[in-house]
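Each remark here refers to the structure printed beneath this line.
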Ligand code: MG
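Numbering (the numbering used here), first residue to last: 6 to 173.
Structure below.
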């Protein structure tokens with residue numbers, strides 16, 4: 006059984022994961038508008054992952070007998086200056102999500118809620134990957150700078166990303 010505090014925080018996290026999907030779709034749209042379909046595909050798949058995260062929290066709340074409560078979403082932003090700017094903003098966003106996961110874990114530990122801690126462990130590992138994935142692209146884009154050849158090579162590489170639902 007979830008405490009009211011934990012239930013509210015988990016419902017808030019469903020909102021944040023859905024907002025992440027919303028945010029990444031705005032990034033997808035930026036790249037589509039700038040004729041970089043591979044980058045757009047990367048953020049399309051990223052959005053699908055975020056929706057999966059939201060569903061994972063959703064399922065956990067309902068399986069632990071809590072009431073899922075959805076609220077209106079905010080869009081963290083939709084104006085981007087360059088591919089590099091997009092990935093920098095995506096990294097800042099993932100760092101915010103990591104802090105949120107740690108906050109949830111702090112409450113679960115404080116309340117000795119072991120099932121929630123176990124569920125959150127998956128997200129703690131996932132956030133390492135999420136931040137690293139964005140950081141990797143930032144390093145490459147900083148190297149590429151304004152070289153169109155480099156940009157199109159990276160675009161071709163990102164076109165290959167597909168969504169595979171994680172096993173856990
Ligand atoms: Mg997420």
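Ideal placement from N, C-alpha and C gives every residue a C-beta, glycine not left out. As the structure is a computational prediction, the values presented were derived from the model and not from experiment.
{"Item": "Residue 159 to residue 95 span [Cα, whole Å]", "Value": "17 Å"}
{"Item": "Simplified DSSP assignment, three categories, for residue 138", "Value": "helix"}
{"Item": "Three-state secondary structure (DSSP) of residue 124", "Value": "helix"}
{"Item": "The stretch 82-92 contacting the stretch 145-155, beta-carbon criterion three pairs below 8 Å", "Value": "yes"}
{"Item": "Closer than 7 Å: residue 58 CB and nearest ligand 1 heavy atom", "Value": "yes"}
{"Item": "Where residue 56 sits in the DSSP three-state scheme", "Value": "helix"}
{"Item": "Proximity of residue 156 and residue 47 at Cβ, strictly below 8 Å", "Value": "no"}
{"Item": "First through last residue of the alpha helix (DSSP H) which encompasses residue 9", "Value": "9-38"}
{"Item": "Cβ contact check for the stretch 29-37 and the stretch 101-113: 3 or more pairs under 8 Å", "Value": "no"}
{"Item": "Where residue 73 sits in the DSSP three-state scheme", "Value": "coil"}
{"Item": "Opening and closing residue of the alpha helix (DSSP H) in which residue 111 lies", "Value": "88-115"}
{"Item": "Same chain, Cβ closer than 6 Å to residue 130, neighbours up to 5 away in sequence not counted", "Value": "none"}
{"Item": "First through last residue of the alpha helix (DSSP H) which encompasses residue 154", "Value": "153-163"}
{"Item": "Alpha-carbon to alpha-carbon, residue 78 and residue 106", "Value": "19 Å"}
{"Item": "Selection from 34, 44, 61 that minimises the alpha carbon distance to residue 23", "Value": "61"}
{"Item": "8 Å contact criterion, which residue 26 and residue 36 should meet: CB distance rounded", "Value": "With 8 Å as the limit, residue 26 and residue 36 do not qualify as a contact, their Cβ atoms being about 16 Å apart."}
{"Item": "Nearest-angstrom Cα separation, counted from residue 143 out to residue 136", "Value": "11 Å"}
{"Item": "Residue 18 versus residue 59 - alpha carbon distance", "Value": "8 Å"}
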